[in-house]
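Quick notes on the structure that follows.
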Amino acid sequence: MSPVFGGPCYVGKDSPQPEETGYIDIGDALVIFYLYARLQQTHAATVTESAYGTINQGPGDEQTIKKLTIGVHQKRLMDIVRARDPSKVYIWSSEAPAQNEAKVVSLRAFEQNMSRETPKFGNRLTVQALVRFETVQKLDVYTKTGKLIQPSEPKRVVEYLIFQKRMWYDTPWAIRDQLYEGLQGKIQHM
1 MSPVFGGPCY
11 VGKDSPQPEE
21 TGYIDIGDAL
31 VIFYLYARLQ
41 QTHAATVTES
51 AYGTINQGPG
61 DEQTIKKLTI
71 GVHQKRLMDI
81 VRARDPSKVY
91 IWSSEAPAQN
101 EAKVVSLRAF
111 EQNMSRETPK
121 FGNRLTVQAL
131 VRFETVQKLD
141 VYTKTGKLIQ
151 PSEPKRVVEY
161 LIFQKRMWYD
171 TPWAIRDQLY
181 EGLQGKIQHM
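Take the sequence shown: its letters are residues 1 to 190, numbered as in UniProt numbering.
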């Protein structure tokens, strides 16, 4: 029997071994996952950078926003896009991409899929990663005819985004929320 994530959480020296129960202790699974993710941090940063760039570079495409964001963050971005002046074109660019940096600051995983059957894909965990993006960005505003209305200087921007993935679905990582440095946040229980 191959071990699966989840099941009873055993603590102590008399705990049954994974071979006996078919389960890996959820605490052990989180530690293993955390270590694996830290080793794969470059890959995680690359995956999240891709989603980050797609959201920022897009011309306000609602389908892209719906595909790569969820929850409150999706609503916030949709409101921003819908409030834009339709007579203007916004061009976002990342200056000096070699200087841009994405770093996984925090990672958490919790068991969320409680169905009776084992998932056909992946495992029962939902994983959330807090990623710090430090980039040099520029936003230029043009008319529909291509005339530059508002030139801008490149600025160093630090953003913290929460990415989420339900591991039992074959879907990309989605941006769940954005955190702001120095502000107190609200605690929400899922």
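Each residue gets a CB set at the ideal place from its N, CA and C atoms; glycine is no exception.
Source: prediction; values computed, not measured.
Taking the alpha carbon of residue i as the reference point, which residue from the options has its own alpha carbon closest?
i: GLN128; options: GLN150, THR135 and VAL104; result: VAL104
i: GLN178; options: VAL158, LYS165 and TRP168; result: VAL158
i: VAL136; options: SER94, THR171, PHE110 and SER87; result: SER94
i: TYR180; options: LYS165, ILE149 and TYR160; result: TYR160
i: ASN113; options: TRP173, GLY182 and TYR169; result: TYR169
i: TYR142; options: LYS120, ARG124, ASP85 and GLN99; result: ASP85
Spatial neighbours of residue i within its chain, please: C-beta separation below 6 Å, excluding the five flanking residues on both sides.
i: ILE91; result: ASP140
i: ARG132; result: LYS103, VAL105 and TYR160
i: LYS138; result: SER93, GLU95, SER152 and PRO154
i: GLU134; result: GLU101 and VAL158
Is the beta carbon of residue i less than 8 Å from the beta carbon of residue j?
i: HIS73; j: ARG176; result: yes
i: ILE162; j: LEU130; result: yes
i: LEU68; j: PRO172; result: yes
i: LYS144; j: SER87; result: yes
What residue range is occupied by the uninterrupted alpha helix (DSSP H) comprising residue i?
i: GLU153; result: No alpha helix (DSSP H) holds GLU153; DSSP gives it neither H nor E.
i: GLU62; result: 62-68
i: ASP79; result: 71-83
Which residues in the same chain have their Cβ closer than 7 Å to the Cβ of residue i, if we skip the five residues on either side of it in sequence?
i: residue 200; result: With the chain covering 1 to 190 only, the question about residue 200 has no answer from this structure.
i: LEU35; result: Bear in mind that the predicted position of LEU35 carries a pLDDT of just 45, short of 50, making it unreliable; the figure below should be weighed with that in mind. Closer than 7 Å at the Cβ level, and outside the excluded window around LEU35, lies no residue.
i: GLY78; result: Per the sequence shown, the amino acid found at residue 78 is Met instead of Gly. Counting only Cβ-Cβ distances below 7 Å, and skipping sequence neighbours, we find GLU62 and ILE65.
Just curious, the beta strand (DSSP E) that residue i is in, first and last residue?
i: GLN137; result: 125-143
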